[in-house]
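J.:
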Amino acid sequence: MSTPFLPALLLWFAQDPAIEMQALLKRLVDVFVTVDAEAAEPVLPEQAFYQGAIPGMLRRLDPHSIFFDPGQFEQLKEMERSTKKGFGSVVSVLPGRVIFLQTLPGTPSARAGISGGDEILAINGIPLAQLEMEHLIELLQQSKQQQARLDVRRPGNARVLSFTLTPEEVASPAVDRKFPIRPGVAYVRINSFETETGEQLKQALEELGGDKLKGLILDLRNNPGGVLTAALDVASLLMPSGTKILSVRGRSKQEEEMKVADTAKPYSFPVAVLINGKTASASEIVAGAVQDHDRGTVLGEPSFGKGLVQAIYPLSSSTGMALTTAYYYTPSGRSIQRPLRGGTLDDVTATPQPEYKTDKGRIVRGGGGIQPDEIVLPEATTRFRAVIDASAILTTYATSYILKNKVDEKFEVTPALMDDLRVFLSESRIRPGLGEWTLEREWITSRLQQEILNQGVSVEKGDEVELRRDPVVRKALDAIKVE
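Counted from 1, the sequence shown has number 123 at position 121 by this note's numbering; the numbering is strictly sequential.
1) Rounded to the nearest angstrom, how far is the Cβ of isoleucine 219 from that of alanine 478, given a contact under 8 Å?
2) Within the same chain, show all residues whose beta-carbon is closer than 7 Å to that of threonine 2, passing over the 5 residues directly before and after it, in chain order.
3) Ignoring anything shorter than 3 residues, give me the beta strand (DSSP E) runs that lie fully in the segment 173 to 235, in order along the chain.
4) Among the candidates Asn193, Arg336, Glu414 and Asp421, whose CA atom is the shortest distance from the CA of proline 175?
5) Just how far apart, CA to CA, sit glutamate 48 and threonine 231?
6) Would you say the segment 325 to 338 touches the segment 352 to 367, given that touching needs at least three Cβ pairs under 8 Å?
7) Whole beta strand (DSSP E) runs in the segment 343 to 430 with 3 or more residues, listed along the chain?
8) For arginine 156, which residues from the same chain have a beta carbon less than 7 Å from its beta carbon, with the 5 sequence-adjacent residues on both sides left out?
9) Below 8 Å, how does it come out for the segment 303 to 318 and the segment 277 to 294: are there three or more Cβ pairs, yes or no?
10) Terminal residues of the continuous alpha helix (DSSP H) containing glycine 290?
11) On the DSSP bridge assignment, give the partners of isoleucine 122 in chain order.
12) For my contact list, aspartate 221 and arginine 191 are in at a C-beta cut-off of 8 Å; report their separation, rounded to the angstrom.
13) Determine the contact status of glutamine 148 and threonine 166, defining contact as a CB-CB distance below 8 Å.
14) Going along the chain, which residues of its own chain have a beta-carbon closer than 6 Å to the beta-carbon of serine 249, five neighbours each way excluded?
15) Could you check what DSSP says for arginine 476 in three-state terms: helix, strand or coil?
16) Measuring alpha carbon to alpha carbon, tell me which residue in Pro380, Thr281 and Asp213 is nearest alanine 233.
17) Going by beta carbon distance, what residues of the same chain come within less than 8 Å of glutamate 76, once the five residues before and after it are set aside?
18) Taking alanine 313 as part of the alpha helix (DSSP H), name the residues at either end of that continuous run.
19) For the segment 461 to 479 against the segment 379 to 394, are there 3 or more C-beta pairs whose distance is under 8 Å?
20) Take the Cβ of arginine 161 as the centre, count every other Cβ of all protein chains shown within 10 Å, and call the residue buried at 16 or more, exposed below.
21) Would you mind giving the Cβ-Cβ distance between valine 262 and serine 243, rounded to the nearest angstrom? I have them listed as a contact below 8 Å.
22) Could you check the C-alpha separation between methionine 81 and lysine 255 for me, to the nearest Å?
23) Name the one or two DSSP bridge partners that arginine 251 has.
24) Looking at C-beta atoms only, is the number of pairs between the segment 452 to 465 and the segment 386 to 400 that lie closer than 8 Å three or more?
25) Would you give the residue range spanned by the alpha helix (DSSP H) that alanine 114 belongs to?
26) Reducing DSSP to helix, strand and coil, say where phenylalanine 69 ends up.
27) If you reduce the DSSP assignment to three classes, tell me which class glycine 127 lands in.
28) According to DSSP, is phenylalanine 51 part of a helix, a strand, or is it coil?
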């Protein structure tokens with residue numbers, strides 16, 4: 003071989019991916035062999051690779067690509083097989099206190115005789131009053147996995163009651179709130195995107211008026227997403243057949259577009275979509291499509307920015323890996339995924355955001371997540387409101403009120419009841435000045451009505467009161483121009 007060919011041959015070896023990979027793997031093995039022989043403390047191969055090298059490599063990609071060791075991978079498969087279990091109750095969780103607001107018919111808590119206003123003092127012998135909030139929530143979650151003993155204090159009863167509850171599979175609808183917020187205008191909240199979400203939304207809309215509706219407020223706040231097909235089903239109820247909903251792009255696959263099916267029969271009433279910082283994934287797909295096609299107004303706060311496709315790959319030795327393989331893009335081409343820099347989520351406000359155009363030529367911002375058409379912040383918390391909520395004083399008052407009075411859906415708070423509440427607050431050493439009481443009177447009237455309806459009728463009715471007061475919902479009513 004003549005001399006001029008030698009540099010070219012060496013360059014070919016250096017650029018060959020297989021040879022380069024072989025060299026890198028040899029370097030990794032050399033490092034482990036040295037550590038295994040010379041380190042001050044012994045290092046197990048599982049520690050070096052399962053907890054070190056492999057997770058470290060995936061961490062450089064993005065926060066969502068994860069390696070599962072044998073135990074974690076088995077736990078993941080078990081979670082996929084498991085069903086949602088619980089006791090069938092709605093509770094108010096406060097520091098050191100858990101109070102039942104409602105028990106659902108036919109569930110373990112209802113059969114045991116637990117009722118609204120009952121307060122849990124201990125779970126499996128562990129007193130709640132001593133627990134920090136995070137530990138309290140963790141204990142509540144653990145108690146739903148197996149049989150649990152609850153020590154309960156009932157208003158008007160000095161004796162502590164004990165209940166032993168066995169968790170059961172409890173239906174948890176994805177469309178969990180629906181009601182007419184004004185004549186002809188529906189409010190619907192979707193808390194997750196499951197297989198039946200599209201069907202549940204259609205049923206809710208039909209119950210509220212169907213094609214006769216004058217408008218819809220679709221609340222996707224705090225919705226972490228879920229099944230992609232459910233997002234397509236929901237979008238198909240709002241947009242004509244053939245409308246592009248999203249595209250999927252990845253390095254190892256061709257771009258794929260997803261559109262509304264030709265058989266779709268969408269509604270045509272005006273729509274307002276509510277989002278916030280916990281709106282993610284499938285929720286962002288729906289909000290982005292509504293915005294890009296000028297189908298409605300998006301209000302609230304910028305969404306989370308999670309728009310990626312993940313695949314689970316079983317590996318050798320009973321291990322596995324979750325790997326990001328592609329990203330979701332809105333119809334105008336915006337990436338839903340917030341930019342990833344060195345394995346961490348980038349702050350989209352720190353860099354200039356690219357501009358895109360909707361069907362009507364409106365400019366919308368990209369850069370990750372969905373930026374609302376109008377920023378609307380939730381109601382601010384004042385010192386007085388923080389004290390009221392932290393003390394659970396309204397829940398306590400509502401419990402005592404319901405013991406003496408019958409409540410129905412038409413319940414309203416009267417001036418006389420407000421006067422009685424003020425005396426009750428004073429006896430509990432909560433004594434706002436006249437100016438503060440006057441300023442907060444509308445808020446506390448609404449909150450008291452909500453708490454009494456929570457326990458006396460249902461949490462759904464209580465939520466209606468809260469949502470009618472919600473500034474984001476009020477702004478949505480203005481946006482869809484409903485009188």
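Glycine is no exception: its CB is placed at the ideal position from the N, C-alpha and C atoms.
Owing to the predicted nature of the structure, the values given are computational and were not obtained by experimental measurement.
T.: A quick look at the data gives this:
1) On the sequence shown, position 217 is the one that residue 219 refers to. On the sequence shown, position 476 is the one that residue 478 refers to. That belief holds up - the Cβ atoms of isoleucine 219 and alanine 478 are roughly 5 Å apart, short of 8 Å.
2) The shown model of the chain, from 3 to 485, leaves out residue 2, and the question about it has no answer.
3) Here the runs fully enclosed are 177 to 184, 187 to 192 and 217 to 221.
4) If you number the sequence shown from 1, residue 175 lands on position 173. Closest option to proline 175, Cα to Cα, is Asn193.
5) Counted from its first residue, the sequence shown places residue 48 at position 46. Counted from its first residue, the sequence shown places residue 231 at position 229. CA-CA distance, glutamate 48 to threonine 231, rounds to 38 Å.
6) Because the criterion of three Cβ pairs below 8 Å is met, the segment 325 to 338 and the segment 352 to 367 touch.
7) When DSSP assignments are scanned along the segment 343 to 430, the uninterrupted stretches of beta strand (DSSP E) that are 3 or more residues long and fall wholly within it turn out to be 357 to 359 and 365 to 367.
8) By one-based count along the sequence shown, residue 156 stands at place 154. Taking arginine 156 as the centre and dropping the five residues before and after it, the same chain places the C-beta of Asp120 and Leu163 closer than 7 Å to its C-beta, in chain order.
9) Counting Cβ pairs under 8 Å, three or more are found: they touch.
10) In the sequence shown, residue 290 corresponds to position 288, counting from 1. In the DSSP annotation of this structure, the continuous segment of the alpha helix (DSSP H) that includes glycine 290 starts and ends at 284 to 294.
11) Numbered from its first residue, the sequence shown carries residue 122 at position 120. DSSP, once it has assigned bridges, lists Val100 and Val154 as partnering isoleucine 122.
12) By one-based count along the sequence shown, residue 221 stands at place 219. By one-based count along the sequence shown, residue 191 stands at place 189. The distance from the Cβ of aspartate 221 to that of arginine 191 is about 4 Å, consistent with a contact at the 8 Å cut-off.
13) Your numbering for residue 148 matches position 146 in the sequence shown. Your numbering for residue 166 matches position 164 in the sequence shown. Threonine 166 is positioned such that its CB atom lies no closer than 8 Å to that of glutamine 148.
14) Within the sequence shown, residue 249 is the residue found at index 247, counting from 1. Excluding positions up to five away in sequence, the list reads Glu257, Glu259 and Tyr331.
15) Here residue 476 refers to the residue found at position 474 of the sequence shown. Helix, per DSSP.
16) For the purposes of this step, residue 233 is taken as the residue at position 231 of the sequence shown. Comparing Cα-Cα distances from alanine 233 to each of Pro380, Thr281 and Asp213, the minimum goes to Thr281.
17) Here residue 76 refers to the residue found at position 74 of the sequence shown. Ser320.
18) Along the sequence shown, one-based indexing puts residue 313 at 311. Alanine 313 -> not in any alpha helix (DSSP H); beta strand (DSSP E) instead, spanning 310 to 316.
19) Cβ pair count under 8 Å is three or more, so yes.
20) Taking the first residue of the sequence shown as 1, we reach residue 161 at position 159. With fewer than 16 other Cβ atoms within 10 Å, it is exposed.
21) For this step, residue 262 is matched to residue 260 along the sequence shown. For this step, residue 243 is matched to residue 241 along the sequence shown. That pair is a contact at about 5 Å.
22) Position 79 of the sequence shown, counted from the first residue, corresponds to residue 81. Position 253 of the sequence shown, counted from the first residue, corresponds to residue 255. Confidence at methionine 81 is low in this model, with a pLDDT of 48, below 50, so the placement of that residue should be treated as unreliable; the coordinate-derived value is given next. Going from the Cα of methionine 81 to the Cα of lysine 255 covers about 29 Å.
23) One-based indexing of the sequence shown puts residue 251 at position 249. Answer by DSSP bridge pairing, in chain order: Tyr329.
24) In short, these stretches touch, since the Cβ pair count reaches three.
25) Taking the sequence shown and counting its residues from 1, one reaches residue 114 at position 112. Taken as a continuous stretch (DSSP letters only), the alpha helix (DSSP H) holding alanine 114 covers 110 to 114.
26) Translated into positions along the sequence shown, residue 69 becomes position 67. Note: phenylalanine 69 maps to strand in three-state DSSP.
27) Numbered from its first residue, the sequence shown carries residue 127 at position 125. Reduced to three states, the DSSP call for glycine 127 is coil.
28) Counting from one through the sequence shown, the residue named residue 51 turns up at place 49. The answer is helix: DSSP assigns phenylalanine 51 an H, G or I state.
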